[in-house]
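Protein chains in written order, with our numbering: chain A, 582 to 886; chain B, 2 to 358.
Yeah, the Cβ is synthetic: ideal placement off N, Cα and C, and Gly gets one too.
Fair warning: this is a prediction, and the values are worked out from it, not measured in the lab.
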Amino acid sequence: MQTPLALLQPAHGAARRPGFIGWLLIAPLIAWLVAFVVIPALILLVYSFCQRDELGELVFSFSLENYWRVFGYVHDESGAFAWDPTYLQIFGRSLGCAGLTTILCVLIGYPVAWTLGRAPDSRRNLLLTLVMIPFWTSFLIRTYAWIIILSENGLLNGLLQYSRLISEPFPMLYTPGAVIVGLVYSYLPFMILPIYGSVEKLDNSIVEAALDLGAGPLQAFLNVILPLTRPGVLAGILLVFIPAMGMFAISDLMGGKRVPLIGNVIQDQFSGQARDWPFGSALGMSVVVLFSIAFWLGTRRQPES
Amino acid sequence: MVELRNVTKKFGNFHAIRGVDLNVRAGEFLTLLGPSGCGKTTLLRMISGFDAPTEGSVWLGGEDVTHLPPYRRNVNQVFQSYALFPHLTVEENIGFGLRMQKLPRLEIAGRVQSAIALVSLQGLEARKPGQLSGGQRQRVALARALICQPKVLLLDEPLSALDAKLRHQMQGELKRLQKMLGITFVFVTHDQEEALTMSDRIAVVNQGRIEQLGDSAAIYHAPQTAFVANFIGRANILEANAVGVEGGFIRLRIASGVEVLVPNPNPSPTTSRLVVSIRPEKIHLQSQRPTQENVFEAVVEEELFKGPTHQLEIKTASGLSLSVMAASQSIMQTAFHKGDRVWCAVHPNDIVILRAD
């Protein structure tokens with residue numbers, strides 16, 4: 582039976598395929614992705630199998646050398662493999678930093694997002710704006726602000742000394758802790774916003790139903806609220822973990838050279854002193870693979886039981 | 002079973018509930034009936050524990066529960082939107098309350114099975130709420146609340162989202178379940194017909210107060226206030242003057258030419274100016290002057306055919322307008338039409354003196 586309204590809607594199956602207009606509308610996106618993601622990634626892939634000469638110029642070849650290096654095997658003078666896990670350690674440290682950052686962002690961000698999502702409409706926009714205000718200043722300025730706060734003669738040390746809690750300045754800047762502080766600070770809004778989206782959609786009567794059926798606040802959270810806001814938490818984890826993993830500016834500025842992360846190493850290969858594009862490409866590709874796995878883990882549908 | 006003692010609830014400056022006393026008897030089906038915003042849902046939420054009274058106390062089975070959180074009260078609620086857990090199956094939804102009590106798995110499984118049978122949801126155990134029809138969701142919500150064996154089941158307009166036919170069916174089922182299980186039901190609705198059909202007693206709520214509490218027949222036939230008379234069914238609310246007492250009756254003068262006798266209530270009214278209510282269907286129209294008391298003459302001003310009933314607007318010579326409702330006659334029989342002169346008769350018992358507010 583065709584009602585007049587049904588005629589306006591595409592038939593079943595057709596809804597998935599965009600028509601000519603549809604393709605036209607997404608063409609800019611596709612062009613952008615091809616030009617700035619697909620082609621560079623392919624170039625990176627090709628480079629990663631190449632070599633470099635003494636001057637750092639690219640030499641086309643096909644070699645797995647760079648990937649062996651990433652995973653800790655290097656040729657020594659005699660040509661035999663030697664074990665050097667420098668880059669695995671940096672990978673591990675980056676994973677650790679990104680993981681810890683993500684966990685801290687969840688722990689700090691969830692209560693904030695919950696408060697935002699449950700706030701009365703009148704106050705909600707104000708609170709949301711407060712979350713987003715840091716974006717109005719440049720990332721670098723915000724990071725330098727942290728340097729001012731954490732440095733040896735900085736605000737925090739000054740305050741602690743003034744209040745006589747410590748007598749000597751406590752080294753805070755250029756420590757792994759400073760890097761974590763910087764990362765958490767920078768990425769917290771990316772955790773808060775998606776969780777807020779989930780919390781806001783959560784029908785209050787569902788929470789009330791859980792309480793009504795005898796669930797205490799913790800039980801209600803674990804059995805009802807958390808499962809129903811999980812999509813937001815997962816989105817937040819992806820949005821925080823992936824960029825935190827690739828970040829190099831914060832570890833550079835707040836960690837000094839003491840806490841290099843994988844992002845610093847890669848940057849060093851391309852624009853720094855190391856100047857080894859093929860090795861940088863191999864590191865980059867390894868990170869891409871790692872992200873793909875993380876993304877797949879985060880977004881795969883849970884099997885319906 | 003449930004007792005509200007002098008309960009007041011303020012939201013900011015707004016008085017949602019003003020000094021309500023209510024005693025719900027064990028095993029009864031009590032309905033809180035009123036227009037939206039009258040405070041009936043707030044009353045319910047104070048029993049379930051989602052809102053705390055500003056003043057007064059809430060008692061449950063002889064225990065003061067005023068300060069107990071919802072999860073410590075042995076009451077359960079069926080929510081207006083059902084509030085099923087969308088990530089859980091029918092079975093898991095229904096077993097939720099028992100899982101929170103940490104009962105043994107086997108006991109939970111058994112009780113869930115019997116609850117599913119109770120509301121005839123066999124075969125849908127593994128579905129998610131999104132895959133159910135409105136009526137089925139309603140049953141899940143009901144089973145989920147009943148499985149906890151609450152002292153009182155609270156129902157917040159549980160049928161308002163269903164279509165008319167399903168609503169009638171569920172009304173019958175709810176009533177049957179309540180009788181069978183013997184659980185006290187407190188039911189909130191704005192639908193007067195639903196209230197009249199299902200309730201043992203009705204509390205009519207208006208502007209944060211209970212206007213009248215009584216069984217369906219009393220609420221309908223003997224409304225105490227103009228609000229109750231108007232809200233439940235239709236009513237002609239008329240001002241009248243008491244002009245004399247004749248035996249057990251008061252003679253009321255409603256308008257010139259319209260004088261009626263009404264039974265003298267106990268206690269007798271203290272003023273001569275009174276307000277009375279006459280249901281439209283209690284005014285009987287005849288073409289010849291009847292011999293009984295309480296008759297007056299009028300002209301049909303307007304007629305509306307409403308299917309089973311025929312609604313007429315009539316006006317007396319002195320300008321008094323009244324609504325009259327009569328069962329529809331068969332098409333061959335002549336009813337009264339616009340312009341017809343009619344005689345009206347009202348039985349004295351059908352004129353109700355209202356409480357002045």
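### Task
Compare the C-beta of Arg881 (chain A) with all C-beta atoms of chain B and state if any pair is closer than 8 Å.
no
### Task
For chain A, find out if any of its Cβ atoms is closer than 8 Å to the Cβ of Gln78 (chain B); answer yes or no.
yes
### Coarse secondary structure for Phe802 (chain A), derived from DSSP in three states
helix
#### Entry: Partners in chain A for Phe97 (chain B), counting only beta-carbon separations shorter than 7 Å
Leu794
### Query
What is the DSSP secondary structure of Ile646 (chain A), reduced to helix, strand or coil?
The amino acid at residue 646 (chain A) is misidentified as Ile; the sequence shows Glu. Correct three-state label for Glu646 (chain A): helix.
### Task
With 8 Å as the C-beta to C-beta threshold (strictly closer), list the residues of the segment 136-152 of chain B near chain A in chain order.
Arg145, Ala146 and Cys149
### Task
Just the C-alpha distance for Glu303 (chain B) and Arg290 (chain B), rounded to the nearest angstrom, thanks.
21 Å
#### Entry: Cβ neighbour criterion (16 or more within 10 Å) applied to His338 (chain B)
exposed
### Query
Does DSSP put Pro264 (chain B) in a helix, a strand or coil?
strand
### Message
Below 8 Å, how does it come out for the segment 851-859 of chain A and the segment 780-797 of chain A: are there three or more Cβ pairs, yes or no?
### Response
no
### Query
On the three-state DSSP scale, how would you describe Arg811 (chain A)?
helix
### Per DSSP, cross-strand counterpart(s) of Met326 (chain B)
B:Gln312
### Query
Identify the residues that DSSP records as bridge partners of Gln78 (chain B): which are they?
B:Leu155
### Query
When Cβ atoms are compared, which residues of the segment 180-208 of chain B fall closer than 9 Å to chain E?
Going by chain labels, chain E is absent from the structure shown, which instead holds the protein chains A and B.
#### Entry: Cβ contact (3+ pairs, closer than 8 Å) linking the segment 863-870 of chain A and the segment 787-801 of chain A
no
### Message
Does the structure place the segment 125-143 of chain B close enough to the segment 78-88 of chain B that three or more beta carbon pairs sit under 8 Å?
### Response
yes
### Task
For Tyr777 (chain A), collect the residues of the same chain with a Cβ closer than 6 Å to its Cβ; drop the 5 residues on either side in sequence, then sort them by chain order.
Ala694, Leu697 and Gly698
#### Entry: Where Gln102 (chain B) meets chain A, residues with beta-carbon distance less than 8 Å
Gly795
### Task
Starting from the beta carbon of Asp784 (chain A), find every residue of chain B whose beta carbon is closer than 8 Å, and list them in chain order.
Ser82 and Ala84
### Task
Could you tell me if Thr880 (chain A) is buried or exposed, where buried requires 16 or more neighbouring beta carbons within 10 angstroms of its beta carbon?
exposed
### Rounded C-alpha distance that separates Tyr668 (chain A) from Ser732 (chain A)
29 Å
### Task
List the residues of chain A that His88 (chain B) touches, going by C-beta distances under 9 Å, in chain order.
Val805, Pro808, Leu809 and Arg811
### Query
Counting Cβ pairs closer than 8 Å, one from the segment 798-809 of chain A and one from the segment 742-759 of chain A, do we hit at least three?
no
### Query
Of all the CB atoms in chain A, is at least one closer than 8 Å to the CB of Phe15 (chain B)?
no
### Query
Roughly how many whole angstroms lie between the Cα atoms of His155 (chain B) and Ile109 (chain B)?
It should be noted that the sequence gives Leu, not His, for residue 155 (chain B). Straight-line Cα distance between these residues: approximately 23 Å.
### Message
If you follow the beta strand (DSSP E) that Asp702 (chain A) is in, where does it begin and where does it stop?
### Response
Looking at the DSSP string, Asp702 (chain A) is not in any beta strand (DSSP E); the run it does join, the alpha helix (DSSP H), is Asp702 to Met713.
### Message
Using a Cβ-Cβ cutoff of less than 7 Å, which residues in the same chain neighbour Arg26 (chain B) once the five nearest sequence positions on both sides are dropped?
### Response
Met2
### Task
Please list the residues of the segment 37-54 of chain B that have a C-beta atom closer than 7 Å to any C-beta atom in chain A, keeping them in chain order.
Ser49 and Phe51
### Task
Note down, in chain order, all residues in the segment 60-72 of chain B with a beta-carbon under 8 Å from any beta-carbon belonging to chain A.
Pro70, Pro71 and Tyr72
### Message
Can you pull the chain B neighbours of Ile790 (chain A), defined as C-beta to C-beta under 7 Å?
### Response
According to the sequence displayed, residue 790 (chain A) carries Ala and not Ile. Residues of chain B passing the Cβ test: Phe80 and Ala84.
### Chain-order list of residues whose beta-carbon lies under 6 Å from that of Met772 (chain A) (same chain, five-residue window excluded)
Cys686, Gly690, Gly817 and Val821
### Residue from B:Glu260, B:Leu69 and B:Arg138 with nearest C-alpha to Ile352 (chain B)
B:Glu260
#### Entry: Rounded C-alpha distance that separates Ile847 (chain A) from Arg723 (chain A)
24 Å
### Query
Is the beta carbon of Gly80 (chain B) sitting closer than 8 Å to the one on Ser786 (chain A)?
Going by the sequence as given, residue 80 (chain B) is Phe instead of Gly. Taking 8 Å as the Cβ cut-off, Phe80 (chain B) and Ser786 (chain A) qualify as a contacting pair.
### Message
Beta-carbon within less than 6 Å of Thr55 (chain B)'s beta-carbon, same chain only, minus the 5 sequence neighbours each way: which residues are those?
### Response
Thr9, Lys10 and Lys11
### Task
Kindly indicate the opening and closing residues of the beta strand (DSSP E) around His338 (chain B).
Element bounds for His338 (chain B): n/a, residue is neither H nor E.
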